[in-house]
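For what it's worth, UniProt numbering labels the leading residue of the sequence shown as 1, then goes sequentially. Cβ coordinates follow ideal geometry from the N, Cα and C atoms, glycine included. Quick notes on the structure that follows.
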Amino acid sequence: MSGVSGAGEPAAMAGGAEMARLRAWWWHRQGLDGRLRGARPDAVLAETGWARSVGGSGPYLGLFVRAGTDRAAVDEAVARLEIHELPSARGCTYVLPAADYALGLRAGASAPEADLAAAVKHLGVTEREIDALGTAVLSALTAAGAPLDPAALKKAVGPAVRSLGEAGRKRGVTTTLPLALGLLQARGAIRRVPVNGRLDQQRYGYARWSPSPLGERTSAGPGRTGDVPERLSGDAGPDRTGTAPVSLPAPTVCSGGSTEAAPDAGRDAARSATDRVRAELARRYFAWAGPASLRHFRWFSNLTAAAAKTAVAGPGLVPLPDPAPVPDGSPTGAVLLATPEQAAALADFTVPEQPQYALLAGNDGIHLLHRDFGRLLDPADADRAVPGGKPGSVLGALSDSPTHMILDRGRLVGLWEYDPDAGAIVWTSFIRPDAALRAAVATTEVFIRDQLGDARSFSLDSPRSRAPRIASLRKGGA
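Below is the structure:
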């Protein structure tokens, strides 16, 4: 291993001891210190945040490291609808606990509306035809009584779906079916079901969702939302996390996610409902990720600066000094926000003396909730070469980890990939490996080999595509 430092030493980085303490605090809040060992998958996700899912191994690795959960238990929780993969924040897919289904759907609702607006503008699609297609999809799923994949759905709805030709292909939408499916998912009328029950792939069928997490009734057309009563803690499953239900009406939206022309009272109600969704998302986010900056929350939520400021005003957050350098040079950027309870607990928090190693996916919440990769790095590691990267590329210039991560109390101390041909983890560390680090690697290796078979970063990741990274890691090239 090249350029190693003493094993188990807390990082000396920008901000020094205070930054090391903040990292270790995030580590603790993320349940990576063992405090969630044996917890249910839905409880872990409610406590530490939604798990980003892109057809990779991330959700399985995250639950295994935090709670010791094996793959079968995760798959069983998916089958029982205790956790589920849904389009949510920023319109991206995450694995959520049942208590957050309604909130997640509402947080991501503008993405399919924007897709429809773009198709109307550029591809000659009409809202009327998507409404009709949505009705046909719901009828087909009801008649089938079982999940249907896109090919079967296309056959079942017949002429209700049409090709969007070369223009659609260039815009990544070949038929009208994905537009209707996206809107129906956002309405809580249908849900995606993994064909083999696993989260580390992206082959799905679609099924009716009854009762809907947004209420007992869902409209037949994907563009009509006003008759859907919403509860942020929905009907999809019991709330086992202690999260209080929050009731609110569904906002009426038009294509692109903007408020429809309506009487003032209707517009005010829609705006109020939207504000309440955003405020609840902020409350959840800062419970998972605090202290965090407004910039961090804006990345997670995809809100404008004004909307984000309004959303964070509700939870009663207090400012804390940010020990990291201000990324944009703005004197107002060096502030983190936390709940008063977090601020008090952080003031009394001390960094554990002994190492706490974990092998996690590159998109695990310990990174992705803030998506501020430099905070995980010791300055001495910022100039390390990117495994399999272009000549001259260094870790400190990246927004995301180039591989899966090895961390210790919040600091990135190594990188790894899984080689399925060898049935082994290939890794390099920035510190001198000790027995505890080797044990963490061995334990994770057995989990992947025996239960997952591979550890893809995302659905299209393959042994061939990661071969350059594996070769670089074998040489200790980080």
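Practice task
Enumerate in chain order the residues of its own chain whose CB-to-CB distance from residue 371 is below 8 Å, with the five nearest sequence positions on each side excluded.
Solution key: For the purposes of this step, residue 371 is taken as residue 371 along the sequence shown, with counting starting at 1. Closer than 8 Å at Cβ, skipping near neighbours: 296, 299, 300, 399 and 400.
Practice task
Using 10 angstroms around the beta-carbon of residue 462, count the other beta-carbons present and answer buried if the total reaches 16, otherwise exposed.
Solution key: Taking the sequence shown and counting its residues from 1, the one referred to as residue 462 is at position 462. It counts as exposed.
Problem - residue 100 classed as buried or exposed, judged by whether at least 16 other C-beta atoms fall within 10 angstroms - result: Within the sequence shown, residue 100 is the residue found at index 100, counting from 1. Burial call: buried.
Exercise for the section: Reducing DSSP to helix, strand and coil, say where residue 176 ends up. Expected result: Taking the sequence shown and counting its residues from 1, the one referred to as residue 176 is at position 176. Looking at residue 176 - three-state DSSP - the assignment turns out to be coil, as it is neither helix nor strand.
Handout entry: For residue 376 and residue 393, the rounded distance between their alpha carbons
Key = One-based indexing of the sequence shown puts residue 393 at position 393. One-based indexing of the sequence shown puts residue 376 at position 376. Approximately 18 Å, taken between the alpha carbons.
Handout entry: DSSP-derived helix/strand/coil call for residue 404
Key = Stepping through the sequence shown from its first residue, residue 404 is reached at position 404. In the structure shown, residue 404 sits in a strand (DSSP, three-state: E or B).
Exercise for the section: Classify residue 417 as helix, strand or coil using the three-state DSSP reduction. Expected result: Sequence index remark: in the sequence shown, residue 417 carries index 417 (1-based). Strand.
Handout entry: Any non-hydrogen atom of the ligand MG within 8 Å of residue 401 CB
Key = Absence of the ligand MG is noted for the structure shown, with no ligands found whatsoever.
Exercise for the section: Could you please give the first and the last residue of the uninterrupted beta strand (DSSP E) stretch that includes residue 337? Expected result: Looking up residue 337 in the sequence shown gives position 337. 335-338 is the span of the beta strand (DSSP E), which, as asked, contains residue 337.
Handout entry: the stretch 68-75 touching the stretch 454-468, judged by at least three CB pairs closer than 8 Å
Key = no
Exercise for the section: Would you please state the rounded distance, in angstroms, between the beta carbons of residue 445 and residue 425? I believe it to be under 8 Å. Expected result: Counting from one through the sequence shown, the residue named residue 445 turns up at place 445. Counting from one through the sequence shown, the residue named residue 425 turns up at place 425. Indeed they touch by this definition, with Cβ atoms about 5 Å apart.
Problem - C-beta atoms of residue 457 and residue 387 nearer than 9 Å - result: Against the sequence shown, residue 457 aligns to sequence position 457. Against the sequence shown, residue 387 aligns to sequence position 387. Against a cut-off of 9 Å, the Cβ pair of residue 387 and residue 457 comes out as no contact.
Practice task
Whole angstroms is fine: what's the gap from residue 173's alpha carbon to residue 476's?
Solution key: The residue labelled residue 173 in the question sits at position 173 within the sequence shown. The residue labelled residue 476 in the question sits at position 476 within the sequence shown. Looking at the two C-alpha atoms, the distance is approximately 42 Å.
Practice task
Provide the residue span of the beta strand (DSSP E) that contains residue 18, from first to last.
Solution key: On the sequence shown, residue 18 is found 18 positions in, with the first residue counted as 1. Element bounds for residue 18: not the beta strand (DSSP E) but the alpha helix (DSSP H), 16-29.
Exercise for the section: Output the distance between the C-alpha atoms of residue 197 and residue 318, rounded to the nearest integer angstrom. Expected result: What you label residue 197 is simply residue 197 of the sequence shown in a count that begins at 1. What you label residue 318 is simply residue 318 of the sequence shown in a count that begins at 1. Approximately 42 Å between the Cα atoms of the pair.
Exercise for the section: Please work out which residues of its chain come closer than 6 Å, Cβ to Cβ, to residue 453, disregarding the five sequence neighbours upstream and downstream, and give them in chain order. Expected result: Taking the sequence shown and counting its residues from 1, one reaches residue 453 at position 453. Around residue 453: no qualifying Cβ.
Exercise for the section: Measure the Cβ-Cβ separation of residue 193 and residue 180 and say whether it is below 9 Å. Expected result: In the sequence shown, residue 193 corresponds to position 193, counting from 1. In the sequence shown, residue 180 corresponds to position 180, counting from 1. Result no, Cβ atoms of residue 193 and residue 180 do not sit closer than 9 Å.
Practice task
Verify whether the separation of the beta carbon atoms of residue 91 and residue 365 is less than 9 Å.
Solution key: Along the sequence shown, one-based indexing puts residue 91 at 91. Along the sequence shown, one-based indexing puts residue 365 at 365. No; because the gap between Cβ atoms is not below 9 Å, this pair is not in contact.
Handout entry: alpha helix (DSSP H) runs contained entirely in the stretch 271-320, provided each spans 4 or more residues
Key = 294-301 and 305-312
Practice task
Identify the continuous beta strand (DSSP E) that holds residue 104 and give its terminal residues.
Solution key: Taking the first residue of the sequence shown as position 1, residue 104 is located at position 104. Where residue 104 is concerned, there is no enclosing beta strand (DSSP E), although the alpha helix (DSSP H) it sits in stretches over 101-107.
Handout entry: Simplified DSSP state of residue 455, which is helix, strand or coil
Key = Reading the sequence shown from its first residue, position 455 is the one you call residue 455. Coil.
Problem - residue 428 in three-state terms, based on DSSP - result: Here the question's residue 428 lines up with position 428 in the sequence shown. Three-state result, residue 428: strand.
Exercise for the section: Keeping to the same chain, check which residues put their C-beta closer than 7 Å to that of residue 186; ignore five residues upstream and five downstream. Expected result: Here residue 186 refers to the residue found at position 186 of the sequence shown. These residues qualify, in order along the chain: 87, 105, 108, 109 and 112.
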